[in-house]
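Numbering (my numbering), first residue to last: 2 to 292. Ideal Cβ positions, reconstructed from N, Cα and C, are used throughout, including at glycine. Report on the following structure.
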């Protein structure tokens, strides 16, 4: 009798596993995203009356939504607050659309997120401080939007971050010193904002940094001597700012630099290791491809 009972129990459990589904909260969050961004007008739309398994760009693993990729899909409208209920989400790519409104205040609740790509939209408002809670984030890209306010100091909590691109927004204020603690950072893009003040010497701690784009802001003072520690740099752009001294550029190891743009003609500076005839000038434009 016990064997029969155990077999029946096993069948019930197996049946539940076969017909398992994402939670009502997660499904509703997807439907909210569809409704809030004019889903009927998407290039690849969802039939929300059908199974979520047929919805373009949605990846589910172990009955949880782990990825949403709606790159270049004609989304308009706003990102709904309920998106923060997708707590198992690892990748969110809504880049190259026409999304407006502000970022959800609770965005930091997406603590499993590895990739957040919102570039080339019309998002306004500030970057929420809660973003510092997304401790697993590897890539944060929101360039070419209308974000304002300052760069949150809490971004310094994102110790796994490799790519940070906040270029072409309306950000103001200084670079927070906390960015110097992002030891895994390989690319930092702050091009074309209204940032000002001295560049923190802590940026010189970013030994893995390959790309540093600070052009078209209002940074002043001198280039930090600590930039001499940035031995991995390949792209370095600081033109169109208000620096009063470029002397410390001469301390940099320039052997591996492929792009080097600065706008001070100082006859006293010598870069023996860099061949400007072979160093391309970057056009400071950003491109993206669907991945």
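How big is the Cα-Cα spacing for residue i and residue j?
| i | j | result |
| --- | --- | --- |
| residue 32 | residue 77 | 15 angstroms |
| residue 168 | residue 142 | 9 angstroms |
| residue 34 | residue 80 | 6 angstroms |
| residue 125 | residue 152 | 14 angstroms |
| residue 82 | residue 114 | 16 angstroms |
| residue 45 | residue 221 | 47 angstroms |
| residue 67 | residue 116 | 11 angstroms |
| residue 84 | residue 147 | 21 angstroms |
| residue 215 | residue 69 | 31 angstroms |
| residue 24 | residue 88 | 11 angstroms |
| residue 197 | residue 123 | 23 angstroms |
| residue 164 | residue 93 | 15 angstroms |
| residue 191 | residue 199 | 14 angstroms |
| residue 55 | residue 22 | 13 angstroms |
| residue 62 | residue 50 | 21 angstroms |
| residue 36 | residue 127 | 24 angstroms |
Leaving out five residues on either side along the sequence, give the residues of the same chain with a beta carbon under 6 angstroms from the beta carbon of residue i.
| i | result |
| --- | --- |
| residue 71 | 58 and 95 |
| residue 52 | none |
| residue 39 | 77 and 78 |
| residue 109 | 131, 132, 134 and 135 |
| residue 212 | 188 and 236 |
| residue 60 | 67 and 68 |
Since I believe residue j is in contact with residue i (beta carbons under 8 angstroms), could you give me their beta-carbon distance rounded to a whole number of angstroms?
| i | j | result |
| --- | --- | --- |
| residue 166 | residue 188 | 7 angstroms |
| residue 155 | residue 172 | That pair is no contact at about 15 angstroms. |
| residue 139 | residue 161 | 6 angstroms |
| residue 248 | residue 223 | 7 angstroms |
| residue 103 | residue 65 | Actually they do not touch by this definition, with Cβ atoms about 26 angstroms apart. |
| residue 243 | residue 219 | 5 angstroms |
| residue 201 | residue 178 | 5 angstroms |
Taking the beta carbon of residue i as the centre, do at least 16 other beta carbons fall within 10 Å, making it buried, or is it exposed?
| i | result |
| --- | --- |
| residue 91 | buried |
| residue 174 | exposed |
| residue 257 | exposed |
| residue 226 | exposed |
| residue 195 | exposed |
| residue 193 | buried |
| residue 41 | exposed |
| residue 246 | exposed |
Checking 7 angstroms against the spacing of the C-beta atoms, do residue i and residue j come in under that value?
| i | j | result |
| --- | --- | --- |
| residue 43 | residue 74 | yes |
| residue 86 | residue 30 | yes |
| residue 145 | residue 120 | yes |
| residue 133 | residue 158 | yes |
| residue 251 | residue 228 | no |
Using a Cβ-Cβ cutoff of less than 8 angstroms, which residues in the same chain neighbour residue i once the five nearest sequence positions on both sides are dropped?
| i | result |
| --- | --- |
| residue 208 | 184, 230, 231, 232 and 233 |
| residue 112 | 88, 134, 135, 136 and 137 |
| residue 100 | 38, 76, 77, 78, 79, 80, 119, 122, 123 and 124 |
In chain order, what residues of the same chain lie with their CB nearer than 7 angstroms to the CB of residue i, ignoring the 5 residues before and after it?
| i | result |
| --- | --- |
| residue 210 | 186, 187, 189, 231, 233 and 234 |
| residue 106 | 129 and 131 |
| residue 240 | 216, 262, 263 and 264 |
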